[in-house]
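Below: the structure, in structure tokens.
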Amino acid sequence: MLDHPDTVAGRRVLDLATGGGLVAIAAGRAGAARVCAYDVDPLSGAATTLNASLNRSAVTVTVADPLDGDPDEADVILAGDVFYSRQMASRVLDFLDRARRRGVDVLVGDPGRAYLPRERFAPVAVYDVPVSRALESADSKRTTVWRLAHGPR
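Position 113 of the sequence shown, counted from 1, bears residue number 112 in numbering that gives the first Met the number 0, the numbering being contiguous throughout.
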């Protein structure tokens, strides 16, 4: 977001599976008109609230699962590392497809998970992201930012 602020500047952003809120905060700092961060984990909600406050970034935090609803009032959806299981990938993709049909710009950060349907996405950027060696068996993980390009074929 900070490398390409025009992606979110002046737009309403929904950050899906926000984790600690890093991407939501970056979207706010890049000039998003409004940022709503969602995660199912209450600890994520608490961490995002604290991190947003410490970074002076206005982020609305919701601890809930929005995937069965419609992505109302969003111009951009950001989702990070959500294609880690077949069931989750299916639910997320249905949600993102509904958003895309409404004209929402959908960007996904993915570190090479097996269930990302790459044929549905166009690569936007590639980053080496520092990760926990205990979790990933490496010090960094190559992560691609993808844009949902089209609906199911």
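Each residue gets a CB set at the ideal place from its N, CA and C atoms; glycine is no exception.
P116 is classed as exposed because its beta carbon has fewer than 16 other beta carbons within 10 Å across all chains shown.
Under the three-state reduction of DSSP, G18 is assigned to coil, being neither helix nor strand.
Rounded to whole angstroms, V103 and A73 show a C-alpha spacing of 7 Å. By the CB criterion at 8 Å, D38 and V62 fall inside the cutoff. In the DSSP annotation of this structure, the continuous segment of the alpha helix (DSSP H) that includes G44 starts and ends at P41 to L53.
A distance below 6 Å between beta-carbons, with the five flanking residues on each side excluded, links A137 to no residue of its chain.
Nearest to G30 by C-alpha distance, out of M87, G44, T48 and R55, is R55. Distances from the CA of A46 to each of L134, V22 and D80 were compared; the closest alpha carbon is that of V22. Under the three-state reduction of DSSP output, F94 falls in the helix class.
When C-beta atoms of the segment 65-79 are compared with those of the segment 91-103, three or more pairs fall below 8 Å, so the two segments count as touching. Of the candidates T17, F94 and C35, C35 places its Cα closest to the Cα of R10.
A residue is called buried when at least 16 other Cβ atoms come within 10 angstroms of its Cβ; A26 meets this threshold and is buried. Between R112 and L147, the C-beta gap is not smaller than 8 Å, which leaves the two residues out of contact.
Pairing T142 with V128 gives a Cβ-Cβ distance under 8 Å. Within the segment 50-129, the complete alpha helix (DSSP H) segments at least 4 residues long are 85-100, listed from N- to C-terminus.
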